[in-house]
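Chains A and B, in that order, are what the protein sequence lines are.
Using my numbering, you'd call the opening residue of the first sequence number 123 and step up by one each time.
Using my numbering, you'd call the opening residue of the second sequence number 123 and step up by one each time.
By construction, the Cβ of each residue, glycine as well, lies at the ideal position given by its N, Cα and C atoms.
Structure, as structure tokens:
There are 2 protein chains.
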Amino acid sequence: MQTALTNTPTTNGFRPYTEPARRPPEAPALGSTRSFAKGEEIFIEGGRAAYFFKVVSGTVRTSKLLSDGRRQIDAFHLAGDIFGMESGEEHRFSAEAVDDAVVIAFRRCSLETLVASDGVLARQVVSAIMTSLERAQNHMLLLGRKSAMEKIASFLLDYSRRLDDEGEIDLPMSRMDIADHLGLTIETVSRSLTQLERQGVIELPAHRRSITLRDKATLGRLET
Amino acid sequence: MQTALTNTPTTNGFRPYTEPARRPPEAPALGSTRSFAKGEEIFIEGGRAAYFFKVVSGTVRTSKLLSDGRRQIDAFHLAGDIFGMESGEEHRFSAEAVDDAVVIAFRRCSLETLVASDGVLARQVVSAIMTSLERAQNHMLLLGRKSAMEKIASFLLDYSRRLDDEGEIDLPMSRMDIADHLGLTIETVSRSLTQLERQGVIELPAHRRSITLRDKATLGRLET
DNA sequence: CGTGTTATTGACTTCATTCAAATTAGGTGG
DNA sequence: CCACCTAATTTGAATGAAGTCAATAACACG
């Protein structure tokens with residue numbers, strides 16, 4: 123298994139970039155690794171945003187709740203993804219481990235400081251924010267304008283693309299998680315998947331946590 | 123499909139940003155002001171992202187389309203808002219003037235360059251991206267989990283908050299725009315507004331483009 | 001005033017939800 | 001390994017919220 127710093131070679135970027143060959147020995151803001159068990163809470167909506175995070179392994183969900191318990195999962199974060207950045211002092215989401223997950227926690231600092239710092243991580247973080255924004259914008263189109271089947275097809279293809287697999291997706295999240303991500307109910311998620319299976323577009327092996335995409339072309343047609 | 127470059131803004135060449143000899147690096151993109159008539163296109167989805175924009179006056183909508191014409195308006199941009207930032211070379215949205223609008227166009231540069239430039243605009247832009255992200259995240263909760271009436275109530279309160287008015291909102295956009303922003307149909311938008319009026323929560327003056335919020339407390343209760 | 005556009009209202013339909021029940025998966029301890 | 005238990009998922013039937021289709025009504029402006 124690879125470590126999160128695979129593509130973050132030497133410095134963390136919180137100070138002006140100096141000398142790549144020399145690793146700062148004290149490293150005050152270098153992130154610390156933390157592990158979370160399946161279902162465990164990483165931070166909570168409204169809590170103080172002392173850190174932001176980068177996924178090393180496993181899957182993390184970030185979500186918002188309405189007062190009556192309705193939930194919207196804005197994103198699933200996979201290895202390499204950065205989540206939990208805030209412009210204010212508070213987290214505007216909750217984050218939980220979907221399966222056993224390992225993350226690196228970085229001490230949060232203001233956007234101002236970050237942009238000024240001009241380091242590797244600074245650029246990574248700005249780029250991560252932009253990626254989050256792009257995903258969010260695509261997801262708004264999905265949530266606002268796609269049918270249940272289109273949502274499921276989009277989700278499967280998108281997830282497959284992110285995992286860069288060969289059509290064999292391991293889905294660590296429950297139907298409830300998928301439903302709360304796509305703005306559906308678990309029953310509708312289940313029915314849509316069953317229907318895709320009957321049509322031979324996907325395969326649902328015995329243990330329901332993995333899915334094989336048999337016919338991506340048809341899925342692509344269903345996506346819109 | 124549409125050809126991307128048909129209506130790109132009119133000034134000359136599109137080469138990637140290279141420092142013109144005379145322009146100091148601190149102010150790489152002092153923008154040029156442009157006016158757009160109601161309904162006019164500012165840029166188009168898939169078009170080359172040569173500029174990003176800041177609203178001076180009026181209202182701009184940014185939207186994405188599905189192949190069959192379904193549309194999602196991700197945001198309305200008011201005076202002071204920045205829109206049209208992209209991490210890639212292409213616009214992933216269309217932008218049009220909702221009413222007569224004046225914007226400043228800034229020559230686009232890469233996020234890398236921007237962060238490195240460490241200027242006032244850089245910080246403004248990063249902050250604007252973060253604001254867009256936060257709005258998008260709230261909007262996902264609305265689109266995925268709120269009822270029609272809750273969507274309308276949220277929209278009215280949010281818009282009122284952004285305009286910082288005293289409950290007298292001027293809505294420059296059509297019912298179609300509102301519907302495409304909230305993931306509804308024009309009929310449902312109309313019915314919801316009528317119902318709120320019957321309940322005495324809002325007032326719809328004769329010319330349907332302004333709304334008076336009579337009872338924000340009740341609206342707040344309807345919001346979730 | 002007409003005329004085209006936008007908004008409202010009504011009747012009906014539909015897709016997704018809700019409620020309910022059956023089935024399956026996964027863990028625990030014998 | 002198996003029996004048992006609980007939680008997750010699937011399936012079925014009925015309902016409902018929002019959509020569609022269609023017909024006014026109200027503006028906007030030459």
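Three-state secondary structure assigned by DSSP to residue i
i               : result
H199 of chain B : strand
R193 of chain B : strand
P215 of chain B : First, the residue type needs correcting, since residue 215 of chain B is Phe and not Pro in the sequence shown. If DSSP states are grouped into helix, strand and coil, F215 of chain B belongs with coil.
I166 of chain A : coil
E290 of chain A : strand
S185 of chain B : strand
R331 of chain B : coil
R229 of chain B : strand
S276 of chain B : helix
K176 of chain B : strand
S254 of chain B : helix
R336 of chain B : coil
A171 of chain A : coil
E325 of chain B : strand
T310 of chain A : helix
T346 of chain B : coil
V220 of chain A : coil
K239 of chain A : The sequence as given places Ser at residue 239 of chain A; Lys does not occur at that position. Helix, per DSSP.
S347 of chain B : This structure leaves residue 347 of chain B out entirely; chain B is present only between 123 and 346.
L341 of chain A : helix
Nonlocal neighbours in the same chain, by C-beta distance under 8 Å from residue i, ignoring five residues either side
i               : result
A301 of chain A : T307, I308, T310 and V311
Q246 of chain B : I204
R284 of chain A : L200
T184 of chain A : I195, D196, A197, H199, F205, G206, F215, S216 and A217
V248 of chain A : L236 and V237
T340 of chain B : Q321 and V323
S282 of chain A : G289, I291, L335 and K338
Cβ-based neighbour list, residue i, same chain, cut-off 6 Å, excluding 5 preceding and 5 following
i               : result
A227 of chain B : G153, S154, R156, Y173 and F175
R331 of chain A : L293
L187 of chain A : R193
G191 of chain B : none
E290 of chain A : T334
H261 of chain A : none
A250 of chain A : I204
Cutoff 8 Å: residue i Cβ touching any chain A Cβ
i               : result
Q321 of chain B : no
R214 of chain B : yes
D298 of chain B : According to the sequence shown, residue 298 of chain B is Met rather than Asp. So, not an interface residue.
H261 of chain B : yes
A172 of chain B : no
V237 of chain B : yes
I367 of chain B : Any question about residue 367 of chain B goes unanswered here, given that chain B covers just 123 to 346.
M252 of chain B : yes
A244 of chain B : yes
D203 of chain B : no
Whole-Å CB distance - residue i paired with residue j, under 8 Å assumed
i               : j               : result
E288 of chain B : S216 of chain B : Not a contact, Cβ separation roughly 33 Å.
V237 of chain A : V182 of chain A : The pair is not a contact, with the Cβ atoms about 25 Å apart (cut-off 8 Å).
E345 of chain A : R336 of chain A : Not quite, the Cβ-Cβ distance comes to about 15 Å (not below 8 Å), so this is no contact.
K338 of chain A : L279 of chain A : 7 Å
E211 of chain A : R170 of chain A : 6 Å
A223 of chain A : F158 of chain A : 5 Å
Beta carbon proximity, residue i to chain B, threshold 8 Å
i               : result
E234 of chain A : yes
L341 of chain A : no
D190 of chain A : yes
I333 of chain A : no
L293 of chain A : no
Q194 of chain A : yes
G305 of chain A : yes
E256 of chain A : yes
L265 of chain A : yes
S209 of chain A : yes
T155 of chain A : no
Contact test: residue i Cβ vs the ligand ADP heavy atom, cutoff 7 Å
i               : result
M207 of chain B : The ligand ADP is not part of the structure shown, which contains no ligands of any sort.
Residues near residue i in its chain [Cβ-Cβ closer than 7 Å; skip 5 each side]
i               : result
G161 of chain A : E218 and A219
E167 of chain A : K186, L187, H213, R214, F215 and S216
A201 of chain B : V177, V178 and S179
D221 of chain B : K160, G180, T181 and P294
task: Flag this pair as touching only if the stretch 203 to 215 of chain A and the stretch 255 to 263 of chain B have three or more C-beta atom pairs under 8 Å; answer yes or no.
output: yes
- prompt: Would you say the stretch 258 to 269 of chain A touches the stretch 264 to 272 of chain B, given that touching needs at least three Cβ pairs under 8 Å?
  reply: yes
query: Any contact of the stretch 273 to 293 of chain A with the stretch 270 to 290 of chain B, i.e. 3+ C-beta pairs under 8 Å?
result: no
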